[in-house]
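Each remark here refers to the structure printed beneath this line.
Number of protein chains: 2
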Amino acid sequence: MTDDALVIFTPSGKRGRFALGTPVLTAARQLGVDLDSVCGGRGICSKCQITPGYGEFSKHGVTVAPDALSEWNSVEDRYKRIRGLVDGRRLGCQAKVMGDVVIDVPPESQVHKQVIRKSATERVMVMDPATRAVYVEVEEPDMHEPTGDFERLQRALAAQWQVEGVEADLSVLRRLQPVLRKGEWKATVVLHKGNHDAATRVLDIFPGFHEGPLLGLAVDLGSTTIAAHLCDLSDGRVLGSSGLMNPQIRFGEDLMSRVSYVMMNPGGDVEMTSAVREALNSLAKSIADEAGVDPAKIYEMVVVCNPVMHHLLMGIDPVELGQAPFALATSGSLSLDARDLDLGNLNRNARVYVLPCIAGHVGADCAAVALSEEPQKSKDMVLIVDVGTNAELLLGNETRVLACSSPTGPAFEGAQISSGQRAAPGAIERVEIDPVTKEPRFRVIGSDLWSDEPGFDAATAVSGITGICGSGIIEAVAEMRMAGLVDPGGLIGSPDQTGTDRCEPHGRTHSYVLYDGSAAGGPKILVTQGDIRAIQLAKSALYAGARLLMDAMGVDTVDRVTLAGAFGAHISPKHAMVLGMIPDAPLDHVTSAGNAAGTGARIALCSVAARDSIEATVHDIHKVETAIEPRFQEHFVNANAIPHAVDPFPNLAGIVTLPDVSFNTSGSGGEGGRRRRRG
Amino acid sequence: MTDDALVIFTPSGKRGRFALGTPVLTAARQLGVDLDSVCGGRGICSKCQITPGYGEFSKHGVTVAPDALSEWNSVEDRYKRIRGLVDGRRLGCQAKVMGDVVIDVPPESQVHKQVIRKSATERVMVMDPATRAVYVEVEEPDMHEPTGDFERLQRALAAQWQVEGVEADLSVLRRLQPVLRKGEWKATVVLHKGNHDAATRVLDIFPGFHEGPLLGLAVDLGSTTIAAHLCDLSDGRVLGSSGLMNPQIRFGEDLMSRVSYVMMNPGGDVEMTSAVREALNSLAKSIADEAGVDPAKIYEMVVVCNPVMHHLLMGIDPVELGQAPFALATSGSLSLDARDLDLGNLNRNARVYVLPCIAGHVGADCAAVALSEEPQKSKDMVLIVDVGTNAELLLGNETRVLACSSPTGPAFEGAQISSGQRAAPGAIERVEIDPVTKEPRFRVIGSDLWSDEPGFDAATAVSGITGICGSGIIEAVAEMRMAGLVDPGGLIGSPDQTGTDRCEPHGRTHSYVLYDGSAAGGPKILVTQGDIRAIQLAKSALYAGARLLMDAMGVDTVDRVTLAGAFGAHISPKHAMVLGMIPDAPLDHVTSAGNAAGTGARIALCSVAARDSIEATVHDIHKVETAIEPRFQEHFVNANAIPHAVDPFPNLAGIVTLPDVSFNTSGSGGEGGRRRRRG
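Line by line, the protein sequences give chains R and X. Under UniProt numbering, the residue at position 10 of the first sequence is numbered 10, and the numbers go up by one with no gaps. Under UniProt numbering, the residue at position 131 of the second sequence is numbered 131, and the numbers go up by one with no gaps.
So, in structure tokens, the structure goes:
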């Protein structure tokens with residue numbers, strides 16, 4: 001019998017020979033196997049659980065004897081008795097190699113766990129958080145070798161965890177001495193790895209072995225809504241998600257109106273900065289409260305947002321973003337103390353990471369979309385559209401990625417629409433119009449029933465039918481076009497032209513009556529000619545942006561379209577294409593990525609490697625500035641038609657035949673409608 | 001004629017050949033000649049002034065023709081007209097090399113100027129400040145290459161000043177855009193080089209070329225007084241010095257009483273922390289006000305202090321420093337934001353550097369003394385004594401340096417002395433006693449006259465004669481010993497024994513009447529037996545500490561003694577040696593270093609190299625812990641005699657013959673006195 005043995009780890013397949021008596025954790029570390037440990041092999045944390053395999057492993061060419069690992073010891077016994085241990089599991093720091101053995105490292109024992117992202121594409125993400133807890137044993141002070149407690153903590157972290165030159169701020173130094181003494185020179189230290197070359201910091205310290213959660217908050221700070229996910233930084237689990245309205249709305253609905261507010265009201269930026277910081281701070285608390293955890297356990301926050309929100313959050317006057325050349329004060333990623341943003345509900349030493357901005361109109365939120373959707377890794381040409389008040393577009397593949405923003409305005413969010421409203425219970429979100437009878441049916445948020453199905457009235461009794469939201473207006477306009485109620489120029493036909501009285505005259509134009517609740521004291525919900533024009537402006541801007549990117553890329557078609565943004569998730573691909581919001585593509589290649597910006601924030605929260613990666617990616621993304629591209633105007637005008645005046649939509653034509661109607665009798669839509677009625 | 005020329009710089013002697021037309025500044029930079037420039041060679045700052053030499057330079061083997069430099073250009077003309085230029089001077093960035101030339105760089109044009117320190121030793125110190133201003137020209141933003149203004153500033157600093165990866169906090173980012181636009185993309189940036197590997201930070205930014213002062217504050221934070229020097233960081237000039245009482249005195253006179261206050265009063269450390277921070281903050285303002293400068297121009301502060309003051313300033317409970325093993329929370333140097341110490345009067349981004357501590361009783365103040373006095377560079381064996389409530393001692397030479405602290409108590413500062421008082425007008429500071437008549441004469445603070453000189457009464461009429469300060473009591477006791485009024489055991493003799501009625505009986509002991517103002521309603525100033533005992537305790541502790549260091553060093557004598565501390569500057573070496581406060585040494589080798597800790601703070605303020613150096617030195621200084629050394633007690637008891645029971649004082653004997661008296665008739669001083677009087 002030899003005095004060493006073969007140890008094979010699965011699933012990595014790493015293998016090596018070790019002296020008999022070597023703890024499994026030690027073997028794993030020497031081979032670089034990803035086996036977790038917080039306590040450093042002291043049998044306290046149980047993170048290093050492994051499952052030994054016994055018997056014949058022909059694949060590996062070994063036979064594992066029943067006594068290949070040392071017998072259960074008292075540490076394992078006590079752990080199993082008190083905390084419980086899955087059958088077949090051992091503690092890697094206690095079990096010693098006594099013969100050839102195959103050791104499986106279960107996913108939950110891996111530091112760099114792979115976590116399945118809940119998104120359309122179900123990609124995995126690898127845990128690599130900046131913040132982690134380690135258990136250390138610190139030398140006691142010695143009068144003959146006088147060093148500070150902190151210097152001995154530094155030494156312990158270097159020796160036991162190979163983390164050199166750790167820094168700590170005064171709040172940690174202040175608590176260090178009582179904590180070390182209470183823990184009898186054992187402590188659990190929350191460490192934060194600095195961005196790039198910055199030093200690792202001690203964010204928190206607890207006496208002895210401490211298992212408190214390490215939480216992080218991923219925030220998508222939008223102009224209209226602020227959405228946040230509370231995550232466990234050890235395994236990436238989402239413990240809670242919540243959102244609230246951006247309180248800056250009282251200063252202006254869209255970004256440019258907020259920039260104007262600052263220009264007109266000196267000090268207005270300070271008001272808006274406080275408002276958004278207070279909102280973030282209270283959101284952190286409410287989301288923690290809902291999840292039943294202490295917000296002071298939030299050690300990190302990642303923020304993604306557009307450039308104006310970015311500057312207002314930082315307290316930087318956004319006025320330069322409102323005028324050419326749209327210069328950002330800073331475009332790089334930011335690493336900040338949460339207290340510099342007045343986020344007092346988070347841990348006192350919490351850190352904030354803000355993704356880099358791509359350009360003055362293409363922000364950290366777009367960078368987060370790129371992090372989530374990875375156009376730079378796509379083999380086919382993908383167009384990613386983050387639909388919002390300002391649409392941000394990415395086009396590219398593994399060769400090259402381009403970005404631009406397009407000023408769609410708020411029409412897609414239900415604003416500037418006669419019966420428009422935010423997506424809330426009571427809002428019409430889906431619409432179908434019978435091409436023969438021209439009669440509509442619809443669904444409202446809060447019920448799965450269509451308006452012509454039994455029980456609809458009862459189901460909507462509480463919410464009522466209050467208006468039409470962004471996805472509803474897109475479907476309504478597209479359905480009107482498909483039913484022949486609207487012509488390619490966007491003109492609504494008269495009752496005569498369309499054969500339905502639902503096309504009511506209103507002044508010189510017509511409106512389509514989607515719902516009339518006036519008999520019961522409810523609203524009359526119309527799609528007016530003005531609504532159609534607003535949607536045409538918005539979709540033309542969006543399409544023109546996409547077209548500019550395609551020009552710059554030198555392509556006429558895209559292989560895939562990804563709709564991102566909370567709103568993007570609710571858009572029907574078919575209706576979007578009928579409207580000509582997006583370039584023609586195979587319908588099954590038009591998908592929604594959900595809140596990709598929020599997902600990107602979550603990825604950055606859980607992985608420093610992802611931060612490095614998106615910083616490099618952003619550096620390589622080429623920005624196309626729509627405001628100064630001469631062809632933007634031409635693309636915009638051509639895109640005004642539904643779906644388009646010039647560009648062919650062959651994929652769309654394969655599934656939908658749009659009626660060849662024209663309600664313009666004089667070359668001018670509005671005029672034509674009027675003349676027709678009078679004539 | 002060749003197309004290049006020889007350029008020789010003095011005083012460095014650096015030389016090289018350069019193409020004709022090369023600006024002198026460029027040549028200097030390529031040769032590594034220390035020639036200053038803030039504007040980077042743009043003819044704005046005038047820091048690069050040089051003096052060309054013409055004619056025969058046989059030493060260098062060149063002859064300099066009158067046209068060796070290009071003719072005066074318009075930039076130089078304008079500068080001379082508006083700002084003035086010393087005759088013979090040129091601007092190094094404008095004057096071009098046209099032939100062999102010898103160029104002198106005057107001291108004020110050197111970045112690393114040598115500054116003569118005003119101290120006993122008049123050593124030079126080299127300017128190498130962490131904070132400096134540079135002028136940059138930043139690229140304008142470009143829509144096609146979208147980067148933030150800050151990223152373009154970073155690029156400019158890297159290209160124009162070779163400073164990479166500069167960081168800025170939100171307060172700078174907030175002001176960046178308006179400043180760059182106001183200065184038309186030219187700006188003066190105040191940069192702070194981080195400690196060790198920390199990144200360089202932007203502390204401030206001004207539009208265009210800005211010549212505002214860069215100030216720093218060197219603070220010696222003592223238990224009793226806080227002293228500060230306001231320095232110009234560009235040339236090390238002291239613009240003002242000021243001091244105030246440490247307001248913590250209301251919580252306890254000495255360090256241990258402050259530690260006790262914290263132990264007895266939970267939250268007491270917080271009160272003391274606020275008190276000292278407020279004092280520092282107001283001191284910064286008052287010293288700047290006095291110097292007629294804006295305290296917001298103070299970009300850096302260096303603090304030296306003992307460990308208890310260190311912890312109280314940082315907001316760390318000092319309780320561990322009051323008990324073995326006297327563990328510091330942190331012993332390393334600290335680099336902090338001034339706002340973390342609530343120093344709101346300084347620049348918003350001001351940085352604070354705190355020197356490292358040597359041990360739990362040997363603080364950053366002792367490190368500063370080492371930085372100023374450099375025992376580690378001494379060829380002979382030097383003992384440095386920083387006399388204060390807690391004396392700190394350094395012993396060593398270029399081979400090895402030892403340190404200890406000794407609990408002398410406050411007697412040397414006039415406390416615990418019957419007529420003791422702080423050094424203030426009216427306090428007796430010098431004493432002489434006629435060995436024949438036993439009559440005293442003295443001087444009080446505020447007058448240079450001795451008490452037996454004409455005009456003394458008038459000169460002291462305002463202050464009065466109020467008490468006796470530390471240096472006064474030391475001289476009084478030493479003079480009493482020399483006049484035969486006190487025996488080696490410290491006992492004051494009776495009128496019979498001493499032959500003077502000035503030795504009054506008081507209970508069982510005697511007191512010496514130094515001054516009797518009672519007839520005029522003034523005080524009667526005595527040196528009591530209790531006073532002698534208090535001084536004996538203090539000096540024994542001091543001597544025992546020195547002796548322990550000598551034991552550890554393996555020496556019986558020292559070559560030099562340096563008395564440091566404000567108090568040390570006022571001690572008469574002869575009297576100190578008569579008392580046996582310090583080991584015997586040649587009298588002319590006992591010198592005062594003045595406030596060496598304050599000087600050390602000033603050196604660290606003006607030089608990052610000095611910071612690195614003292615951090616390395618402190619690491620090598622070996623600490624001897626007096627509290628646990630078994631021989632301390634023995635040394636202490638032997639040192640109780642005046643000057644000493646055992647150790648010979650040959651140098652002292654060479655200049656003073658101490659009367660061989662003994663007033664103890666029974667072996668116990670107090671008892672003996674009583675018996676004698678009764679017998």
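Even for Gly, the Cβ is constructed at its ideal location relative to N, Cα and C.
Span separating the alpha-carbon of residue i from that of residue j
| i | j | result |
| --- | --- | --- |
| L35/R | P106/R | 9 Å |
| A168/R | A275/X | 24 Å |
| I91/R | N73/R | The displayed chain sequence assigns Leu, not Ile, to residue 91/R. Distance between the alpha carbons of L91/R and N73/R: 10 Å. |
| H506/X | Y512/X | 10 Å |
| A596/R | V101/R | 44 Å |
| I433/X | S406/X | 30 Å |
| V624/R | N349/R | 39 Å |
| L352/R | S286/R | A quick correction: the sequence has Val, not Leu, at residue 352/R. V352/R and S286/R: Cα-Cα distance of roughly 18 Å. |
| A95/X | P52/X | 10 Å |
| L170/X | V163/R | 28 Å |
| V172/R | A279/R | 27 Å |
CB contact below 8 Å: residue i versus chain X
| i | result |
| --- | --- |
| D386/R | no |
| V7/R | no |
| R430/R | no |
| L170/R | yes |
| H310/R | no |
| residue 684/R | Here chain R has residues from 1 to 679 only, and residue 684/R is not among them. |
| S518/R | no |
| D149/R | yes |
Residue from the options with nearest C-alpha to residue i
| i | options | result |
| --- | --- | --- |
| M553/R | A569/R, C45/R, H60/R and G396/R | G396/R |
| V262/X | G315/X, G600/X and T63/X | G315/X |
| H229/R | A159/R, T626/R and A218/R | A218/R |
| A544/R | T591/R, L244/R, A569/R and Q633/R | Q633/R |
| A576/X | H644/X, A627/X, S607/X and W450/X | H644/X |
| G521/R | G464/R, L537/R, R547/R and V555/R | G464/R |
8 Å Cβ cutoff, residue i in contact with chain R
| i | result |
| --- | --- |
| K193/X | no |
| E76/X | no |
| I628/X | yes |
| Q30/X | no |
| R676/X | Confidence at R676/X is low in this model, with a pLDDT of 37, below 50, so the placement of that residue is unreliable and no value is reported for it. |
| I316/X | yes |
Residue(s) in a DSSP beta bridge with residue i
| i | result |
| --- | --- |
| H635/R | Beta-bridge pairing links H635/R to no other residue. |
| L334/R | V354/R |
| K96/R | P23/R |
| T10/X | D104/X |
| I468/R | G420/R and I428/R |
Any non-hydrogen atom of the ligand COA closer than 7 Å to residue i Cβ
| i | result |
| --- | --- |
| H619/R | Ligands in the displayed structure: none, and consequently the ligand COA is not present. |
Neighbour list for residue i in chain C, Cβ cutoff strictly below 7 Å
| i | result |
| --- | --- |
| E320/R | Here chain C cannot be found, since the structure's protein chains are R and X. |
Next on the checklist: If we require 3 or more residues per run, which beta strand (DSSP E) segments fall completely within the UniProt domain "RACo linker region" (120–211) of chain X?
Outcome noted: 124–126, 131–137, 186–192 and 201–207
Checklist entry - Which whole runs of the beta strand (DSSP E) in the stretch 493–552 of chain X are 3 residues long or more, in chain order? => result 503–506, 509–516 and 524–527
Checklist entry - What residue ranges within the stretch 387–463 of chain R form continuous alpha helix (DSSP H) runs of no fewer than 4 residues, ordered along the chain? => result 456–459
Item to check | Ordered list of beta strand (DSSP E) runs contained in the UniProt domain "RACo-like middle region" (215–373) of chain X, each at least 3 residues | outcome: 215–221, 225–232, 238–245, 298–305, 334–337 and 351–354
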